[in-house]
Amino acid sequence: MKINKYRDFAGTTPMGTELSILRYEMDSEKPGQHIYIQSGIHGGEITQWIIHELFLFIKKNLLQGKVTLVPCANPVSWTQRAYYSTNGKFDFYMGKDWNRNFPGNSEGSMGERIAAVLFANAKKADFALDLHTSRESIPFAIYSRPQYEDILKTIGIRYNQFLDMQKNPAYGNTMNACLDNAGVENLCIECGSHDAYEPENVREVMNGLKRLFAARGMVDSKLAEPAPQEIKTFAKTVKYTAPMGCLLRLAKPLGAQIKKGEDLFYCFDNNDLGSVVAVQSKHDGVLFKASPTHIYWSGDDVIQLLLDEDTKLLTTAA
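Residue numbers (numbering that gives the first Met the number 0): 0 to 317.
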């Protein structure tokens, strides 16, 4: 197998330092599928644990086809730091989400130039995967077309969110929407929480990727654990916000099944010391996402539930 490392030029800093995007090409030198996987378009979204483990797995086990790995898709977003915190979701200059610049423009803004480099490589693949993290969350996949549900069943991530990116202009310039337009099958996987190492989440995503590679004949199927018998898809979520400026504690852990009337979180208000305000659920659902802080202004997002009434079960091949 050939493993080559490339640095794709994206631009320069004001000091003249070159900005490049590191890309690994892993080629079995035998005909087969081409899978592209990128990580880190948003600074602070650490999915490189998965990329490192996946690199070793592919290096040892690739039978046919080739794999492109981009461990850090954005050389700018990871430099946007304040103390130990990386604030890399938005371009500080343009005020724009880094994942809203696709398909890119090699003569455009810095974000568009980075997107152009990434998209030029991704659109050559048979399948492309964009790895992210989401606040504090359990892993979930995001898919943009109903026909991708067969891929979801193969990968076997427990929760999968449908976003119709063609009908929602807010997503029109994401990597995934543009890959749809280019005819490349693709998914986004939110691999867990920001700036975290969560072994159980790494394991769930890695097992899913092994099943993907096995299903496409790229690795021995014996290396992939069976998928769960059922996975869930959803399209609707509901957001709960802080009713006041306060310090706040969650009542339930991530992934918990929530029933209507149960406590969701507790507000501690400095204007009324000694009292605690409990905010209760108006819905049945699963707590799949929370903001990674205890400090809230009035109206700040606290948690999101995926709703039981909207959840659909898919039976996997297992």
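We treat Cβ as the ideally placed atom computed from N, Cα and C, and that holds for glycine. Since this is a predicted model, take the numbers as computed values, not measurements.
Test item: CB-CB of residue i and residue j under 7 angstroms
{"i": "residue 187", "j": "residue 200", "result": "no"}
{"i": "residue 217", "j": "residue 64", "result": "yes"}
{"i": "residue 211", "j": "residue 154", "result": "yes"}
{"i": "residue 72", "j": "residue 37", "result": "yes"}
{"i": "residue 290", "j": "residue 257", "result": "no"}
{"i": "residue 57", "j": "residue 14", "result": "no"}
{"i": "residue 133", "j": "residue 175", "result": "no"}
{"i": "residue 121", "j": "residue 103", "result": "no"}
{"i": "residue 305", "j": "residue 236", "result": "yes"}
{"i": "residue 46", "j": "residue 130", "result": "yes"}
{"i": "residue 192", "j": "residue 135", "result": "yes"}
{"i": "residue 238", "j": "residue 163", "result": "no"}
{"i": "residue 138", "j": "residue 204", "result": "yes"}
{"i": "residue 97", "j": "residue 40", "result": "yes"}
{"i": "residue 309", "j": "residue 234", "result": "yes"}
{"i": "residue 35", "j": "residue 4", "result": "no"}
{"i": "residue 0", "j": "residue 19", "result": "no"}
{"i": "residue 286", "j": "residue 264", "result": "no"}
{"i": "residue 33", "j": "residue 124", "result": "yes"}
Cα-Cα separation between residue i and residue j, rounded to whole angstroms
{"i": "residue 7", "j": "residue 117", "result": "9 angstroms"}
{"i": "residue 75", "j": "residue 261", "result": "43 angstroms"}
{"i": "residue 277", "j": "residue 202", "result": "34 angstroms"}
{"i": "residue 140", "j": "residue 80", "result": "28 angstroms"}
{"i": "residue 126", "j": "residue 66", "result": "10 angstroms"}
{"i": "residue 177", "j": "residue 272", "result": "51 angstroms"}
{"i": "residue 274", "j": "residue 245", "result": "12 angstroms"}
{"i": "residue 2", "j": "residue 156", "result": "29 angstroms"}
{"i": "residue 313", "j": "residue 229", "result": "5 angstroms"}
{"i": "residue 87", "j": "residue 49", "result": "19 angstroms"}
{"i": "residue 223", "j": "residue 208", "result": "9 angstroms"}
{"i": "residue 179", "j": "residue 267", "result": "46 angstroms"}
{"i": "residue 99", "j": "residue 184", "result": "19 angstroms"}
{"i": "residue 110", "j": "residue 95", "result": "9 angstroms"}
{"i": "residue 21", "j": "residue 68", "result": "9 angstroms"}
{"i": "residue 44", "j": "residue 91", "result": "17 angstroms"}
{"i": "residue 11", "j": "residue 255", "result": "46 angstroms"}
{"i": "residue 165", "j": "residue 173", "result": "10 angstroms"}
{"i": "residue 247", "j": "residue 293", "result": "5 angstroms"}
{"i": "residue 54", "j": "residue 315", "result": "26 angstroms"}
{"i": "residue 226", "j": "residue 93", "result": "42 angstroms"}
{"i": "residue 240", "j": "residue 152", "result": "33 angstroms"}
{"i": "residue 213", "j": "residue 150", "result": "12 angstroms"}
{"i": "residue 259", "j": "residue 16", "result": "55 angstroms"}
{"i": "residue 206", "j": "residue 197", "result": "14 angstroms"}
{"i": "residue 307", "j": "residue 119", "result": "39 angstroms"}
{"i": "residue 105", "j": "residue 112", "result": "5 angstroms"}
{"i": "residue 219", "j": "residue 59", "result": "11 angstroms"}
{"i": "residue 215", "j": "residue 288", "result": "31 angstroms"}
{"i": "residue 311", "j": "residue 146", "result": "15 angstroms"}
Beta bridge counterpart(s) of residue i as assigned by DSSP
{"i": "residue 311", "result": "232"}
{"i": "residue 34", "result": "66 and 126"}
{"i": "residue 288", "result": "136 and 303"}
{"i": "residue 99", "result": "None, per the DSSP bridge assignment."}
{"i": "residue 266", "result": "247 and 276"}
{"i": "residue 157", "result": "DSSP, once it has assigned bridges, lists no residue as partnering residue 157."}
{"i": "residue 87", "result": "42"}
{"i": "residue 256", "result": "285"}
{"i": "residue 294", "result": "246"}
Where the alpha helix (DSSP H) containing residue i begins and where it ends
{"i": "residue 59", "result": "47 to 60"}
N-terminal and C-terminal residue of the beta strand (DSSP E) that residue i is part of
{"i": "residue 278", "result": "275 to 279"}
{"i": "residue 2", "result": "1 to 11"}
{"i": "residue 25", "result": "17 to 26"}
- Query: Can you list the beta strand (DSSP E) stretches of 3 or more residues lying completely in the region 108 to 147, in chain order?
  - Reply: 126 to 131 and 139 to 142
- Message: Give the list of continuous beta strand (DSSP E) stretches no shorter than 3 residues that lie fully inside the region 168 to 248.
- Response: 184 to 189, 229 to 233 and 236 to 240
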